[in-house]
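One structure below.
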Amino acid sequence: MSRVGSFPIPVPKGVEVNVVSGQISVKGPLGIISRTADPNVAVERNGENLMCKALGNSRQADIMSGTMRALIANMVTGVSKGFEKRLALVGVGYRAQAQGDKLNLTLGFSHPVVHQMPKGVKVATPTQTEIVITGIDKQQVGQVAAEVRGYRAPEPYKGKGVRYADEIVILKETKKK
């Protein structure tokens with residue numbers, strides 16, 4: 000059996016989990032997330048914990064029990080605490096400005112870059128060179144952060160570009176004569 004799938008998922012106070020005919024919905028103080036459960040996995044509630052059990056002895060069921068456990072645990076964490084990704088802009092003249100659900104970026108192109116935030120994701124810019132992306136869906140927050148980083152990924156010689164706040168960019172040595 001999957002080791003990850005065998006761990007229980009603790010459900011904190013203020014979070015409601017409903018499992019109805021293959022649909023899992025988690026409601027908490029920050030919002031509601033729902034997902035379709037895998038048909039190879041049974042999700043059961045034991046008091047204050049959730050358990051994901053593989054149906055049958057197939058390898059696919061074993062694999063998906065661990066995957067569903069991780070996805071449901073992320074849903075519970077998202078509606079109770081939320082997820083956050085921090086980005087940093089490194090480079091002369093690189094700036095970011097949040098305006099509602101849009102992120103305006105000045106990244107050295109001849110035009111400004113405007114990124115529209117999807118529903119459920121918020122963006123803030125504490126300073127002109129910091130971007131904070133928050134939301135309740137871990138996958139969506141990570142995807143938006145990757146898209147913003149993709150506009151100007153850190154280049155290997157000077158390190159200029161958009162990077163994750165905890166990312167370490169290893170600089171290459173320039174060509175010698």
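Quick note on numbering: numbering that gives the first Met the number 0 labels position 112 of the sequence shown as 111, and the sequence is numbered without any gaps. Backbone N, C-alpha and C define an ideal beta-carbon position, used for all residues, glycine too. Quick caveat, the model's predicted, so the values are computed rather than measured.
Arg44 versus Ser79, Pro7, Thr35, residue with shortest Cα-Cα distance: Against the sequence shown, residue 44 aligns to sequence position 45. Cα-wise, what sits closest to Arg44 is Pro7.
Closer than 8 Å: is that where the CB of Glu47 sits relative to any heavy atom of the ligand FAD? Among the components of this structure there are no ligands whatsoever, and the ligand FAD is therefore not found.
Assuming Met63 and Val91 form a contact by the criterion Cβ under 8 Å, report the distance between their Cβ atoms to the nearest whole angstrom. Within the sequence shown, residue 63 is the residue found at index 64, counting from 1. Within the sequence shown, residue 91 is the residue found at index 92, counting from 1. Not a contact, Cβ separation roughly 49 Å.
According to DSSP, simplified to helix, strand and coil, what is Arg58? By one-based count along the sequence shown, residue 58 stands at place 59. Correct three-state label for Arg58: helix.
On the three-pair Cβ rule with 8 Å, is the region 51-60 touching the region 116-123? Contact between the region 51-60 and the region 116-123 is absent, because fewer than three Cβ pairs lie under 8 Å.
Three-state secondary structure (DSSP) at Arg151? By one-based count along the sequence shown, residue 151 stands at place 152. It is coil, neither helix nor strand.
Do Val140 and Pro153 come within 9 Å of each other at the CB atom, strictly closer than that value? Residue numbering aside, residue 153 sits at position 154 when the sequence shown is read from its first letter. Residue numbering aside, residue 140 sits at position 141 when the sequence shown is read from its first letter. Not closer than 9 Å, so no.
Val16 in three-state terms, based on DSSP: Within the sequence shown, the letter at position 17 stands for residue 16. In this structure, DSSP gives Val16 an extended state, which the three-state scheme calls strand.
Give the secondary structure of Glu47 by DSSP, where H, G and I count as helix, E and B as strand, and everything else as coil. For the purposes of this step, residue 47 is taken as residue 48 along the sequence shown, with counting starting at 1. In this structure, Glu47 counts as coil in the three-state DSSP scheme.
Please classify Gly65: is it buried, with 16 or more other beta-carbons within 10 angstroms of its beta-carbon, or exposed? The count along the sequence shown starts at 1 and reaches residue 65 at position 66. Buried is the call here.
So that I know if they touch, is there some Cβ in chain C lying closer than 9 Å to that of Gly158? No chain C is present in this structure, which holds just one protein chain.
Say whether the region 74-83 touches the region 28-42, bearing in mind that this needs 3 or more beta-carbon pairs closer than 8 Å, one atom from each stretch. Short answer: they touch.
Closer than 7 Å by C-beta to Val3: which residues in its own chain qualify, once you throw out the five before and the five after it? Chain order, please. Indexing the sequence shown from 1 puts residue 3 at position 4. Excluding residues within five positions, the ones whose Cβ falls inside 7 Å are Gly65, Arg68, Ala69.
Whole-angstrom Cβ separation of Met22 and Ser5, contact assumed at under 8 Å? Sequence index remark: in the sequence shown, residue 22 carries index 23 (1-based). Sequence index remark: in the sequence shown, residue 5 carries index 6 (1-based). A small fix is needed here, since residue 22 is Gln in this sequence, not Met. Rounded, the Cβ-Cβ distance is 23 Å, inconsistent with contact.
Which residues in the same chain have their Cβ closer than 6 Å to the Cβ of Ala60, if we skip the five residues on either side of it in sequence? Start at 1 with the first residue of the sequence shown, and residue 60 comes out as number 61. Cβ within range, chain order: Asn39, Ala53, Leu54.
So, helix, strand or coil for Glu146, using DSSP? As a first step, residue 146 is located in the sequence shown; it is residue number 147 there, counting from the start. If DSSP states are grouped into helix, strand and coil, Glu146 belongs with the helices.
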